[in-house]
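Notes for the one structure printed next.
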Amino acid sequence: MQKKFIEVCYTPGDYEYYKGRFDIVVVIDVLRATTAICSAIDNGVNSVIPVSTIEEAKAYQDKGFLVGAERQGEIVEGFDFGNSPYSYMKPALKGKDIVLSTTNGTRAINIAKEAPTVVIGALTNLDYLIDWLIQQEQNVVCLCSGWKDKFNLEDTICGGAIAEGLLKTGKFTSDDDSSVAAKYLYLAAKDNYFGFLKASSHRRRLKRLNLNEDIKFCLTPNQMKVIPILKGNRIEKLSL
Ligand code: 3SL
Numbered sequence: 317m318q319k320k321f322i323e324v325c326y327t328p329g330d331y332e333y334y335k336g337r338f339d340i341v342v343v344i345d346v347l348r349a350t351t352a353i354c355s356a357i358d359n360g361v362n363s364v365i366p367v368s369t370i371e372e373a374k375a376y377q378d379k380g381f382l383v384g385a386e387r388q389g390e391i392v393e394g395f396d397f398g399n400s401p402y403s404y405m406k407p408a409l410k411g412k413d414i415v416l417s418t419t420n421g422t423r424a425i426n427i428a429k430e431a432p433t434v435v436i437g438a439l440t441n442l443d444y445l446i447d448w449l450i451q452q453e454q455n456v457v458c459l460c461s462g463w464k465d466k467f468n469l470e471d472t473i474c475g476g477a478i479a480e481g482l483l484k485t486g487k488f489t490s491d492d493d494s495s496v497a498a499k500y501l502y503l504a505a506k507d508n509y510f511g512f513l514k515a516s517s518h519r520r521r522l523k524r525l526n527l528n529e530d531i532k533f534c535l536t537p538n539q540m541k542v543i544p545i546l547k548g549n550r551i552e553k554l555s556l
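Going by the working numbering, the letters in the sequence shown line up with residues 317 to 556, in that order.
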């Protein structure tokens, strides 16, 4: 059987080089948007509507939706919550449809939305997602959200972990050096994400905002068996 591709795209700005060539796009924003979305869906939130702009978020709020909005790591004034995964674990959110707008993560999801399948990846659902991707036997690209179209370490490491998980089955291959480099970064980081990512710029940014508990949560792998999937404009739980 012909091998399928697994590639890692470092930033939404690079996505144009991958667009249209992959069956599945895994959008990754470890700190913190895709981790927050995994937490929401794992907590029983019915759907998360990812929007790119504060104006869109406001329009949903005016229609009565609960809306989370984050810019530069902070809650945008006037919204119900920001981007902490803990905000999405509240029992009151179970069964609700909520809206989320973040600096990079929700923008990346919207950039990928024309792909046949878009799923949400984080370290918190890593192994469960890898097992599912292996079963699909389709071409996969991990789209890292990065930071304002720049490379970031934490999303690349998560993409590298997915690449390594798929490559070692022998059923997948990578063509691009970005994917090879992501895999090597993952191999260097895998025994101590927390220590390795001390140098990450966004980790330092969140630490300055006293968000250490969020950082620890986001960097603790395999806490959830959930795959959030984009259906139309909503992210829902993939039922297996
Ligand atoms: O960039 C994003 O989408 C956010 O995840 C950034 S933050 O972690 O909420 O600061």
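By construction, the Cβ of each residue, glycine as well, lies at the ideal position given by its N, Cα and C atoms. Computed from a prediction, not measured in an experiment: that's the story for all the values here.
On the CB-based measure, 16 or more other CB atoms within 10 Å of its CB, does T536 come out buried or exposed? Residue mapping note: residue 536 aligns to position 220 of the sequence shown, counting from 1. Around the beta carbon of T536, fewer than 16 other beta carbons sit within 10 angstroms, so the residue counts as exposed.
4 or more residues per run - each alpha helix (DSSP H) lying fully within the region 327-407: Segments of the alpha helix (DSSP H) lying fully in the region 327-407: 349-358 and 370-378.
For the putative contact between D471 and C460, defined by C-beta atoms under 8 Å, what is the C-beta separation to the nearest angstrom? Taking the sequence shown and counting its residues from 1, one reaches residue 471 at position 155. Taking the sequence shown and counting its residues from 1, one reaches residue 460 at position 144. Confirmed, about 3 Å.
Judging by CA-CA distance, which residue of R387, Y331, D345 and S490 is the nearest neighbour of L469? Within the sequence shown, numbered from 1, the residue matching residue 469 stands at position 153. Comparing Cα-Cα distances from L469 to each of R387, Y331, D345 and S490, the minimum goes to D345.
How many whole angstroms separate the CB atoms of D330 and P432, which I take to be in contact at a CB cut-off of 8 Å? For the purposes of this step, residue 330 is taken as residue 14 along the sequence shown, with counting starting at 1. For the purposes of this step, residue 432 is taken as residue 116 along the sequence shown, with counting starting at 1. Actually they do not touch by this definition, with Cβ atoms about 20 Å apart.
Figure out for me which residue from V435, I446 and A479 has the closest Cα to the Cα of K547. For the purposes of this step, residue 547 is taken as the residue at position 231 of the sequence shown. Of the candidates V435, I446 and A479, the one whose C-alpha sits nearest the C-alpha of K547 is V435.
I need the boundaries of the beta strand (DSSP E) containing G437, first residue and last residue. For this step, residue 437 is matched to residue 121 along the sequence shown. In the DSSP assignment, G437 falls within the unbroken beta strand (DSSP E) covering T433 to G437.
So, do the region 356-370 and the region 397-410 have three or more beta carbon pairs nearer to each other than 8 Å? Contact holds: three or more Cβ-Cβ distances are below 8 Å.
Ordered list of alpha helix (DSSP H) runs contained in the region 503-548, each at least 4 residues: The qualifying runs are 509-512, 517-524 and 528-534.
Classify S555: buried if its beta carbon has 16 or more other beta carbons within 10 angstroms, exposed otherwise. Looking up residue 555 in the sequence shown gives position 239. In the assembly as shown, S555 is an exposed residue. Its beta-carbon has fewer than 16 other beta-carbons within 10 Å.
Does the region 445-453 come into contact with the region 474-492, if we say contact requires no fewer than three beta-carbon pairs (one atom in each stretch) closer than 8 Å? At 8 Å Cβ cutoff, the stretches touch.
Consult DSSP for S417 and reduce its assignment to one of helix, strand or coil. Residue 417 sits at position 101 when you count from the first residue of the sequence shown. In this structure, DSSP gives S417 an extended state, which the three-state scheme calls strand.
Rounded C-beta distance between V343 and G462? I'm assuming under 8 Å. Sequence index remark: in the sequence shown, residue 343 carries index 27 (1-based). Sequence index remark: in the sequence shown, residue 462 carries index 146 (1-based). Contact doesn't hold; Cβ gap of about 11 Å is too wide.
Out of K464, Q451 and K412, which one is the CA nearest neighbour of T418? Within the sequence shown, the letter at position 102 stands for residue 418. That would be K464, whose Cα lies nearest to the Cα of T418.
Coarse secondary structure for E480, derived from DSSP in three states: Indexing the sequence shown from 1 puts residue 480 at position 164. E480 sits in a helix when the DSSP states are folded into three classes.
Which residues DSSP lists as bridging W463, in chain order: The residue given as residue 463 occupies position 147 in the sequence shown. Beta-bridge pairing by DSSP links W463 to K466.
Report the rounded CA-to-CA distance for Y326 versus L347, giving the unit in angstroms. Translated into positions along the sequence shown, residue 326 becomes position 10. Translated into positions along the sequence shown, residue 347 becomes position 31. Between the alpha carbons of Y326 and L347 lies a distance of about 15 Å.
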